[in-house]
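Below is one structure, written out as structure tokens; comments come after it.
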Amino acid sequence: QAAVPRLANVTLVYEQHLETMFLNVDRSLLLLRLLYEKDPDSFDLKYWTDSADLTSGTVIRFSILDRDGYIRSTSGGTGQSTYLGDRDYFVALRDSDQDVMRVTAVGNGRVISAASIKIARRLRGRDGRFAGALVGSLDPNDIVKFFSTANLGTHGSLSLRNADLTILAAEGLSSTLVGTKLSAPPLEAGLKRGPIGFYWGGGIIDGINRLVAYRKSQRAPLVMVAGMGEDEILAAFRSEEHTSELQSHHD
Numbered sequence: 199q200a201a202v203p204r205l206a207n208v209t210l211v212y213e214q215h216l217e218t219m220f221l222n223v224d225r226s227l228l229l230l231r232l233l234y235e236k237d238p239d240s241f242d243l244k245y246w247t248d249s250a251d252l253t254s255g256t257v258i259r260f261s262i263l264d265r266d267g268y269i270r271s272t273s274g275g276t277g278q279s280t281y282l283g284d285r286d287y288f289v290a291l292r293d294s295d296q297d298v299m300r301v302t303a304v305g306n307g308r309v310i311s312a313a314s315i316k317i318a319r320r321l322r323g324r325d326g327r328f329a330g331a332l333v334g335s336l337d338p339n340d341i342v343k344f345f346s347t348a349n350l351g352t353h354g355s356l357s358l359r360n361a362d363l364t365i366l367a368a369e370g371l372s373s374t375l376v377g378t379k380l381s382a383p384p385l386e387a388g389l390k391r392g393p394i395g396f397y398w399g400g401g402i403i404d405g406i407n408r409l410v411a412y413r414k415s416q417r418a419p420l421v422m423v424a425g426m427g428e429d430e431i432l433a434a435f436r437s438e439e440h441t442s443e444l445q446s447h448h449d
């Protein structure tokens with residue numbers, strides 16, 4: 199019984215913290231976009247990110263992609279004109295008129311040779327049409343370090359997912375899962391019923407059955423998922439039973 203409120207509290211605390219982090223990056227993207235769209239030809243991304251101190255330990259870099267999906271500039275300078283037009287965040291922004299924050303993760307990047315989380319916004323030309331994308335890249339390892347404070351036991355796990363349930367960062371699960379969308383029917387079914395809930399995972403990901411709690415953000419396209427191993431929950435339950443029996447015998 200103690201596992202349920204504990205998991206509920208963990209998902210609440212971590213979801214609120216990470217929601218704030220992602221919304222802060224999105225505010226930076228909106229600021230940079232405002233400056234860029236005023237004068238795209240003379241906009242200096244490195245100058246503005248340095249002047250406004252927008253990069254940090256978590257935010258690796260900002261990038262501007264042109265309408266064809268090629269990198270035009272980065273917060274580190276002009277850089278190599280790498281093609282990223284096939285990335286799902288770029289395709290989603292290009293093919294939709296909705297002005298929303300897009301979040302996903304890349305397991306092994308073409309520019310950053312490691313896993314990274316991408317937060318992206320649509321760029322618009324003077325005619326209002328799609329003109330490219332403005333992207334913030336985050337280091338998932340910084341989120342994993344934060345996850346390590348949860349203390350959910352040997353088989354405990356924490357994962358942050360986007361709206362499509364792609365894994366953005368994970369602790370207690372394989373790091374190679376970052377950037378992948380794993381089938382999780384109980385989670386998908388639960389989210390259709392409501393933004394908060396619990397289910398038994400059944401060992402779908404790694405063979406370990408966990409009691410899983412989830413919480414969907416109402417302000418960002420994020421889902422926080424936390425799990426505790428069945429063996430540890432049962433061990434705690436048996437310990438409580440044993441303590442109760444000893445107390446009753448003593449009484």
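Add 198 to the 1-based position in the sequence shown for the numbering used here, that's all there is to it. Virtual Cβ for every residue (Gly too), placed ideally from N, Cα, C.
The stretch 221–237 touching the stretch 247–256, judged by at least three CB pairs closer than 8 Å: At 8 Å Cβ cutoff, the stretches touch.
Per-residue burial, Lys343 [other beta carbons within 10 Å of its own, 16 or more giving buried]: Note on Lys343: under 16 other CB atoms within 10 angstroms of its CB, so exposed under the neighbour-count rule.
Collapsed DSSP secondary structure at Ile269 in the structure displayed: Ile269: strand per DSSP, three-state reduction.
Terminal residues of the beta strand (DSSP E) in which Gly395 lies: 394–398 is the span of the beta strand (DSSP E), which, as asked, contains Gly395.
Beta-bridge partners of Thr302, as assigned by DSSP: Among the bridge pairs identified by DSSP, Thr302 is matched with Lys316.
For Phe220, the three-state DSSP class (helix, strand or coil): DSSP, read as helix, strand or coil, puts Phe220 in helix.
Reduced DSSP category for Leu210 - H, G, I as helix; E, B as strand; rest coil: Of the three classes helix, strand and coil, the one that applies to Leu210 here is helix, per DSSP.
Residue range of the unbroken alpha helix (DSSP H) whose run includes Phe260: Counting along the chain, Phe260 falls outside any alpha helix (DSSP H), though it belongs to the beta strand (DSSP E) covering 257–264.
In DSSP terms, what Ile365 is bridged to: Bridge partners of Ile365: Arg359.
Segments assigned alpha helix (DSSP H), at least 4 residues, entirely inside the stretch 317–356: The qualifying runs are 338–345.
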